[in-house]
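Data first, discussion second: the structure below is written as structure tokens.
In the working numbering, the protein residues as written are 18 to 316.
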């Protein structure tokens with residue numbers, strides 16, 4: 018790796034409370050089983066920022082968090098993790114968002130994301146970047162921006178075409194398959210890297226894929242300047258102008274899944290910011306995600 022100074026970092030999207038229930042055995046619909054329930058700071062943008070902070074970086078969060086007790090507690094928790102929260106939009110009339118998920122030994126059973134405050138805030142979360150301390154029209158932000166698909170489709174479309182992001186290194190994740198189509202404005206965007214799983218790649222290409230290599234190639238052909246496609250324990254692929262690189266993640270026992278994609282993305286970004294090559298960055302990201310799902314490490 019090269020000894021380089023990391024660029025400024027923004028993580029834009031969901032910052033909320035995760036409530037995760039995990040059962041150590043397989044579950045069926047309607048099952049009522051013993052397990053563990055955790056409440057912890059979460060959201061895609063926050064998870065990515067926490068992963069970056071854990072690697073010695075200093076990301077700034079742009080999001081919306083209510084001025085309620087839950088929001089005050091969440092802001093304090095983010096600050097304790099080393100995240101910069103000074104520019105988070107804090108509406109007084111909206112509650113702090115929540116994500117709730119149920120997992121079993123095989124992975125995610127179901128989840129509900131209540132990101133209504135983030136969606137209602139809309140472009141107000143970008144004010145520090147478009148006309149404030151982080152950027153202005155005459156001096157757009159020139160660092161790395163991690164975006165998540167919890168932003169509305171309209172706002173993501175605005176960002177894709179906005180001069181405020183013209184110099185940014187955009188890293189975009191859909192947050193869930195149900196929000197994958199929100200990434201369409203970034204197909205054809207020369208400065209965007211898309212992080213998707215196999216199902217999300219299929220939705221963006223309007224077809225199904227059996228493995229990541231074919232999916233990444235198809236998404237690249239659709240205009241994705243640079244694409245990373247993961248497929249759980251199977252090979253992941255990065256597609257760019259230089260070609261395709263596929264690597265298989267380490268084999269581990271799955272103990273949790275919520276946040277694995279965010280961990281993958283944060284580790285990949287961190288590796289690249291210190292000069293790692295394409296294959297090395299992908300390997301670092303796969304190893305970090307494997308340690309996370311096994312319970313061996315935090316994000």
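Positions of the beta carbon are idealized from the N, C-alpha and C atoms, including for glycine.
Taking a C-beta distance under 8 Å as the contact criterion, residue 242 and residue 206 qualify as a contact pair. Excluding the 5 residues flanking it on each side, residue 63 has same chain C-beta neighbours closer than 6 Å at 32, in chain order. DSSP lists no beta-bridge partner residue for residue 301.
DSSP places residue 310 within a helical segment (H, G or I) once states are collapsed to three. At a cut-off of 3 residues, the continuous stretches assigned as beta strand (DSSP E) that sit fully inside the segment 189 to 226 are 209 to 214. For residue 55, the closest C-alpha among the options 70, 46, 307, 119 is that of 119. The alpha-carbon separation between residue 256 and residue 137 amounts to approximately 35 Å. Taking residue 219 as the centre and dropping the five residues before and after it, the same chain places the C-beta of 225, 226 closer than 6 Å to its C-beta, in chain order.
In the three-state reduction of the DSSP assignment, residue 161 falls in the strand class. Around residue 196, the same chain offers 166, 167 as residues with beta carbons nearer than 8 Å, after the five sequence neighbours per side are excluded.
If you look at residue 147, you'll find it in the alpha helix (DSSP H) that goes 144 to 147. Listed as beta-bridge partners of residue 276 by DSSP are no residues whatsoever. Taking the Cβ atoms as the reference, residue 204 lies roughly 5 Å from residue 239, within the contact range of under 8 Å. In the DSSP assignment, the residues bridged to residue 120 are 39, 125.
An exposed status is given to residue 265, since fewer than 16 other beta-carbon atoms sit within 10 Å of its beta-carbon. Boundaries cannot be given for residue 106, as no alpha helix (DSSP H) includes it and DSSP labels it neither H nor E. Residue 270 and residue 116 have their C-alpha atoms spaced approximately 24 Å apart. Unbroken beta strand (DSSP E) stretches of 3 residues or longer found wholly inside the segment 238 to 264: 243 to 248, 251 to 257, 260 to 264, given in chain order.
DSSP places residue 173 inside the alpha helix (DSSP H), whose first and last residues are 170 to 178. When only Cα atoms are considered, residue 44 and residue 37 end up about 15 Å apart. Check the Cα spacing between residue 188 and each of 95, 61, 57: the tightest is with 61. According to the DSSP secondary-structure assignment, residue 58 is paired through a beta bridge with 34. Taking 8 Å as the cut-off, the beta carbon of residue 253 is found closer than this to the beta carbon of residue 299. Inter-residue distance for residue 246 and residue 153 is about 33 Å (C-alpha atoms, whole angstroms). Around the beta carbon of residue 268, a 10 Å sphere encloses fewer than 16 other beta carbons of the protein chains shown; the residue is thus reported as exposed. Residues of the same chain with a CB within less than 7 Å of the CB of residue 191, apart from the 5 flanking positions on each side, are 166, 197, 199, 200, 213, 217 in chain order. Put simply, the backbone Cα of residue 34 is about 13 Å away from that of residue 85. Where residue 151 is concerned, there is no enclosing alpha helix (DSSP H), because DSSP gives it neither an H nor an E. Here residue 113 really is in contact with residue 134; their C-beta atoms are around 7 Å apart, less than 8 Å.
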